[in-house]
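Participant:
Protein chains: 2
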Amino acid sequence: MLRISKMTDYAVVLASHLAAADGAHAARDLALQTQIPEPTASKVLKKLARAGVVISQRGAKGGYALARRPEQIGINEVIEAIEGPIAVTECSDESTDSFCEYETNCGVRANWQRINLAVHRALSEISLADMAFPGTAELVSIALSGKDAERMRDAGTQSNDVH
Amino acid sequence: MLRISKMTDYAVVLASHLAAADGAHAARDLALQTQIPEPTASKVLKKLARAGVVISQRGAKGGYALARRPEQIGINEVIEAIEGPIAVTECSDESTDSFCEYETNCGVRANWQRINLAVHRALSEISLADMAFPGTAELVSIALSGKDAERMRDAGTQSNDVH
DNA sequence: ACATATGGGACTGAAACGGTCCGGTATATA
DNA sequence: TATATACCGGACCGTTTCAGTCCCATATGT
């Protein structure tokens with residue numbers, strides 16, 4: 302579940318790169334700048350475009366640009382663009398849903414939703430803007446700039462122990 | 302990254318099952334009760350034992366039991382027992398750490414830590430008790446004894462808030 | 001001793017992952 | 001209009017991981 306695939310890593314790198322330098326950029330340029338093999342970068346960008354994270358412009362002088370402002374794009378969108386819906390179990394698929402033999406199992410399975418939700422929430426609290434500007438990233442628990450602060454407040458109030 | 306593997310699903314089911322009925326249980330019995338193929342269940346339980354989530358007793362009358370009380374076991378432990386450390390990128394491995402060519406990439410990679418942290422925290426806030434007793438799942442802070450579990454199991458199968 | 005039950009690892013078929021390549025289509029520019 | 005540019009949609013392939021099974025060694029209660 303929780304091992305990050307290379308493709309996803311690429312996606313975050315590329316999206317963050319776009320966030321840092323706005324405007325349209327060709328896949329080729331992005332690939333060079335991020336040190337990602339060109340065909341692979343292209344593949345990733347296509348998926349991001351399909352998912353609505355970036356918009357594409359075809360033809361000469363075309364390229365990719367973020368679909369929205371970096372602060373308005375959650376990291377979950379980038380991840381889901383590559384990996385599909387987050388943390389689904391077979392049981393939460395429409396097909397075999399509501400078909401468990403033992404109520405204990407079924408109860409457990411229903412609670413996967415809770416896990417999914419928690420993860421989804423945690424990821425959506427992190428925006429591309431947070432990723433694009435490392436300067437403020439180190440200071441997670443200390444001082445944060447305005448927008449970041451608001452976002453972090455809701456995310457991190459429950460408990461701060463990470464053991 | 303975020304697709305849950307079957308093994309992990311099994312692990313959660315088995316651990317939750319143990320949480321609901323405390324005491325030692327043989328792998329064989331657990332497999333039957335959870336409808337998980339026996340060799341596979343056995344494999345999963347071994348991993349859980351290795352990770353310290355459950356304790357094992359060998360020999361006749363042996364079996365598996367939770368290592369701690371259900372409320373004290375985070376779901377992240379169960380997941381990590383099967384899948385290893387959560388959400389690592391190659392960059393965050395000791396080997397190639399601190400060796401990025403482009404500062405933008407490096408900044409992004411550093412921010413993976415933030416993502417990892419967010420996910421980890423979200424998961425650690427869900428305990429096995431929450432999974433085992435769906436009815437009282439909202440009340441995270443309330444501790445339950447093993448005996449209460451059986452009572453709850455009958456009553457508490459309906460409160461599935463899927464947000 | 002003997003039956004029971006876990007520990008560790010080897011092994012296999014199937015699926016996913018990482019990466020590449022190609023033909024098709026849209027578009028800016030000369 | 002002709003042409004170069006650049007994205008779109010897949011096909012393809014080698015490698016790795018996943019899911020599942022099986023076997024033998026070891027520990028333990030009766």
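Line by line, the protein sequences are chains V and D. Each residue of the first sequence is one higher than the one before, starting from 302 at the first, in the working numbering. Each residue of the second sequence is one higher than the one before, starting from 302 at the first, in the working numbering. For glycine and all other residues, C-beta sits at the position ideal for the given N, C-alpha and C.
1) Whole angstroms are fine: how far does the CA of G324 of chain D sit from the CA of K348 of chain D?
2) By Cβ distance below 7 Å, which residues in the same chain neighbour P386 of chain V in space, the five residues on each side in sequence not counted?
3) Whole angstroms are fine: how far does the CA of I380 of chain V sit from the CA of A332 of chain V?
4) In chain D, which residues lie with their C-beta within 7 Å of the C-beta of D323 of chain V?
5) Does any residue of chain D bring its CB to less than 8 Å from the CB of E372 of chain V?
6) Does the beta-carbon of D310 of chain V have 16 or more other beta-carbons within 10 angstroms, so that it is buried, or is it exposed?
7) Here's the rule I'm using: 16 or more other beta-carbon atoms within 10 Å means buried, otherwise exposed. How should T341 of chain D be labelled?
8) Can you list the residues of chain V that V355 of chain D reaches, using a CB-CB cut of under 8 Å?
9) Tell me which same chain residues have a C-beta within less than 7 Å of the C-beta of R329 of chain D, skipping the five on either side of it?
10) On the DSSP bridge list, what partners appear for Y365 of chain D?
11) Where does the unbroken alpha helix (DSSP H) through S428 of chain D begin, and where does it stop?
12) What residues in its chain sit with their C-beta under 6 Å from that of S357 of chain D, if we drop five residues either side in the sequence?
13) Quick one: which chain D residues come within Cβ less than 8 Å of D330 of chain V?
14) Using a beta-carbon distance below 8 Å, is D431 of chain V in contact with chain D?
15) Anything in the region 415-431 of chain D with a Cβ closer than 9 Å to a Cβ of chain V? List those residues in chain order, please.
16) To the nearest angstrom, report how far apart M308 of chain V and A352 of chain D are at their CA atoms.
17) When the cut-off is 8 Å and only beta carbons count, does E339 of chain V lie next to chain D?
18) List the residues that DSSP assigns as beta-bridge partners of G375 of chain V.
19) If you drop the 5 nearest sequence neighbours on each side, which residues of the same chain put their C-beta closer than 6 Å to that of M432 of chain V?
Facilitator: If we stick to the structure as given:
1) Within the second sequence, numbered from 1, the residue matching residue 348 of chain D stands at position 47. Within the second sequence, numbered from 1, the residue matching residue 324 of chain D stands at position 23. Distance between the alpha carbons of K348 of chain D and G324 of chain D: 19 Å.
2) By one-based count along the first sequence, residue 386 of chain V stands at place 85. Excluding sequence neighbours, P386 of chain V sits near nothing in its chain.
3) Taking the first residue of the first sequence as 1, we reach residue 332 of chain V at position 31. Taking the first residue of the first sequence as 1, we reach residue 380 of chain V at position 79. So the two alpha carbons sit approximately 19 Å from each other.
4) In the first sequence, counting from the first residue as 1, residue 323 of chain V sits at position 22. The contacting residues do not exist; D323 of chain V stays about 14 Å from chain D at best.
5) As a position in the first sequence, residue 372 of chain V is number 71, starting the count at 1. False, the Cβ-Cβ gap to chain D never drops below 8 Å.
6) Position 9 of the first sequence holds residue 310 of chain V. The residue is buried, with at least 16 neighbouring Cβ atoms inside 10 Å.
7) Within the second sequence, the letter at position 40 stands for residue 341 of chain D. By the 10 Å Cβ count, T341 of chain D comes out exposed.
8) Counting from 1 along the second sequence, the entry for residue 355 of chain D is found at position 54. Per Cβ cutoff of 8 Å: no residues; V355 of chain D is ~16 Å from chain V at best.
9) Counting from one through the second sequence, the residue named residue 329 of chain D turns up at place 28. Same-chain partners within the cutoff: E339.
10) Stepping through the second sequence from its first residue, residue 365 of chain D is reached at position 64. Beta-bridge pairing links Y365 of chain D to D:H326, D:S357.
11) Locating residue 428 of chain D in the second sequence gives position 127, counting from the first residue. Unbroken run through S428 of chain D: none, as it is neither H nor E.
12) Counting from 1 along the second sequence, the entry for residue 357 of chain D is found at position 56. Only A350, Y365 meet the Cβ criterion.
13) Numbered from 1 along the first sequence, position 29 holds the residue referred to as residue 330 of chain V. Those do not exist, as D330 of chain V stays about 13 Å from chain D at its closest Cβ, beyond 8 Å.
14) By 1-based counting over the first sequence, the position of residue 431 of chain V is 130. Interface residue, yes.
15) R415, I416, N417, L418, A419, V420, H421, R422, A423, L424, S425, E426, I427, D431
16) Working through the first sequence from its first residue, we reach residue 308 of chain V at position 7. Working through the second sequence from its first residue, we reach residue 352 of chain D at position 51. Each residue's Cα considered, the two are about 29 Å apart.
17) Here the question's residue 339 of chain V lines up with position 38 in the first sequence. With 8 Å as the cut-off, E339 of chain V does not count as an interface residue toward chain D.
18) On the first sequence, position 74 is the one that residue 375 of chain V refers to. Note: G375 of chain V sits in a beta bridge opposite V:S428.
19) Indexing the first sequence from 1 puts residue 432 of chain V at position 131. Answer for M432 of chain V: S317, listed in chain order.
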